[in-house]
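Worksheet for the structure shown next.
Right, here's the structure in full:
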């Protein structure tokens with residue numbers, strides 16, 4: 545049958561004409577689909593590299609600007625999450641209404657790369673916060689647009705695998721940011737490190753604009769669903785449809801709790817290694833970068849694989865590994881925080897980091913599979929906004945504030961930080977609760993839902 549994607553004319557210069565296709569992208573496959581997946585994974589890596597590099601640089605930044613831990617938490621969390629959160633839904637709505645996703649991704653990738661480099665030119669804490677907010681604003685449109693693109697390129701049965709490959713960008717970005725940022729900061733300074741990691745994104749953005757092509761909306765659904773026309777949904781209607789599905793709600797809330805805990809841990813473990821174990825920036829960057837990168841690659845790949853394999857038994861089966869992985873990770877993380885040396889901390893953290901990474905691909909795949917076809921970018925944005933408000937923005941600040949409080953009560957900065965990180969690990973129990981409720985809701989859904 546013929547598939548038509550109706551796209552809003554008011555979307556402006558980035559809008560597409562009506563696209564018709566008799567052959568679904570799911571059947572076409574080919575080198576361009578693979579190339580686009582690879583390039584979006586690379587851009588996702590740059591997204592996380594530019595966002596997370598400040599984590600490894602926070603101790604010298606703290607010394608330069610004479611900051612408290614809660615201010616460091618603001619720098620690594622809320623500063624980038626505020627405009628990221630505010631802009632995610634408006635941009636997602638434009639995407640669902642016909643915004644050209646390839647051009648959008650290329651434009652914002654170049655913008656956040658320039659702003660990351662500009663962070664190295666700031667001369668005050670306030671200027672740094674403003675530049676970081678700009679990075680967050682630019683990055684806000686990437687994930688909804690990328691999720692929407694991948695869902696049109698890959699059908700339901702291949703979507704968890706594609707999302708798993710795409711999510712590898714997180715681990716690659718964190719690993720590269722930690723290692724390169726730590727090395728450059730140790731050899732030169734933190735300002736140079738920010739410029740070194742920021743500027744390559746401009747080249748990647750130009751390459752994506754030249755090589756990627758926009759698929760027709762809903763192409764991957766041909767053969768699995770009857771789709772004659774993809775009409776944009778009003779925002780209120782889209783959100784109402786999403787939040788009427790308990791499975792979607794609990795997947796999103798569980799992901800927000802996991803984001804809170806994992807972001808807080810990633811933000812503060814470098815400081816633990818430096819303050820408690822006396823490791824240098826280069827040692828922490830290389831050690832934690834390789835550790836988080838390798839564990840993330842393994843965990844994310846396994847998460848995508850198990851979701852694709854067991855998802856054939858029902859969408860609920862995608863959550864088996866995330867629930868089990870988080871339950872096992874809690875005591876292992878706590879053991880790592882209280883290890884006797886920096887090397888022991890890094891070694892002990894490997895297993896829980898693998899287990900935590902299992903949830904990324906299944907959660908993304910579920911939010912897209914549970915969303916109406918005309919509201920996929922909106923579903924992604926609601927997921928991102930909730931995870932950022934409740935997780936990424938609050939996690940580093942809350943744990944930093946707890947670290948300050950515990951440090952005052954114990955008189956020891958290392959003990960205070962260890963106690964705060966223990967609280968962060970226990971937050972994973974919140975995720976387990978919500979994902980267990982999501983699993984139960986998914987079991988009750990009809991197979992066609």
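Residue numbers (the working numbering): 545 to 993. The beta-carbon is built from N, C-alpha and C at its ideal position, and this holds for glycine as well. The structure displayed is predicted, hence computed values, not measured ones.
Integer Cβ distance of residue i from residue j, believed to fall under 8 Å
i	j	result
residue 584	residue 690	5 Å
residue 804	residue 873	Wrong, their Cβ atoms sit about 14 Å apart, outside the cutoff.
residue 693	residue 645	5 Å
residue 620	residue 811	5 Å
residue 909	residue 731	41 Å between Cβ atoms; not a contact.
residue 600	residue 677	Not really, about 20 Å apart at Cβ, beyond 8 Å.
residue 982	residue 794	4 Å
residue 798	residue 979	4 Å
residue 661	residue 790	Their Cβ separation, rounded to whole angstroms, is 44 Å, which puts residue 661 and residue 790 out of contact at 8 Å.
residue 817	residue 886	5 Å
residue 727	residue 831	With 8 Å as the limit, residue 727 and residue 831 do not qualify as a contact, their Cβ atoms being about 12 Å apart.
residue 923	residue 915	3 Å
residue 847	residue 906	6 Å
residue 649	residue 752	6 Å
Collapsed DSSP secondary structure at residue i in the structure displayed
i	result
residue 643	strand
residue 820	coil
residue 667	coil
residue 698	coil
residue 772	Reliability of the predicted coordinates at residue 772 is poor, the pLDDT of 41 falling under 50, and the value obtained from them is presented with this limitation in mind. Here residue 772 sits in coil by DSSP.
residue 780	helix
residue 604	helix
residue 681	helix
residue 757	coil
residue 858	coil
residue 610	coil
residue 792	helix
residue 883	coil
residue 989	coil
Residue i burial status per 10 Å Cβ neighbour count (16 or more: buried)
i	result
residue 607	exposed
residue 695	buried
residue 547	Only weak support exists for where residue 547 lies, its pLDDT of 35 falling under 50; the value from the coordinates is given anyway. Buried, since its Cβ has 16 or more Cβ neighbours within 10 Å.
residue 787	exposed
residue 998	The structure shown has nothing for residue 998, since the chain only spans 545 to 993.
residue 961	buried
residue 757	exposed
residue 575	exposed
residue 729	buried
residue 671	exposed
residue 952	exposed
residue 749	buried
residue 616	buried
residue 1047	Outside the shown range of the chain, which is 545 to 993, sits residue 1047, and nothing can be said about it.
residue 747	exposed
residue 629	buried
residue 578	exposed
residue 780	exposed
residue 612	exposed
residue 637	buried
residue 839	buried
residue 869	buried
residue 920	buried
residue 761	buried
residue 642	buried
residue 582	exposed
residue 815	buried
Do the segment 657-664 and the segment 694-714 meet, that is, are 3 or more Cβ pairs less than 8 Å apart?
no
Okay, do the segment 938-956 and the segment 964-982 touch, 3+ Cβ pairs below 8 Å being the bar?
Enough Cβ pairs lie closer than 8 Å, so yes.
At least three beta-carbon pairs within less than 8 Å, the segment 663-671 to the segment 898-906:
No: the two stretches stay apart, fewer than three of their Cβ pairs being nearer than 8 Å.
Measuring CB atoms only, is the segment 627-647 touching the segment 670-690, in the sense that at least three cross pairs come out at less than 8 Å?
yes
Alpha helix (DSSP H) runs contained entirely in the segment 927-976, provided each spans 4 or more residues:
938-954, 957-970
Okay, do the segment 931-938 and the segment 776-790 touch, 3+ Cβ pairs below 8 Å being the bar?
no
Could you tell me which whole alpha helix (DSSP H) segments of length 4 or greater appear in the segment 885-932?
886-900, 904-913, 920-931
Okay, do the segment 722-735 and the segment 870-890 touch, 3+ Cβ pairs below 8 Å being the bar?
Counting Cβ pairs under 8 Å, fewer than three are found: no touch.
Could you name each continuous alpha helix (DSSP H) segment of 4 residues or more that falls completely within the segment 721-753, going from the start of the chain to the end?
For the segment 721-753, the full-length alpha helix (DSSP H) segments reaching 4 residues or more read 734-742 along the chain.
Would the segment 972-987 count as touching the segment 789-808 if we require 3 or more Cβ pairs under 8 Å?
yes
Does the segment 879-895 come close enough to the segment 857-866 to have 3 or more Cβ pairs within less than 8 Å?
No contact exists between the segment 879-895 and the segment 857-866.
With a cut-off of 8 Å, do at least 3 Cβ pairs link the segment 587-602 to the segment 713-729?
The segment 587-602 is in contact with the segment 713-729.
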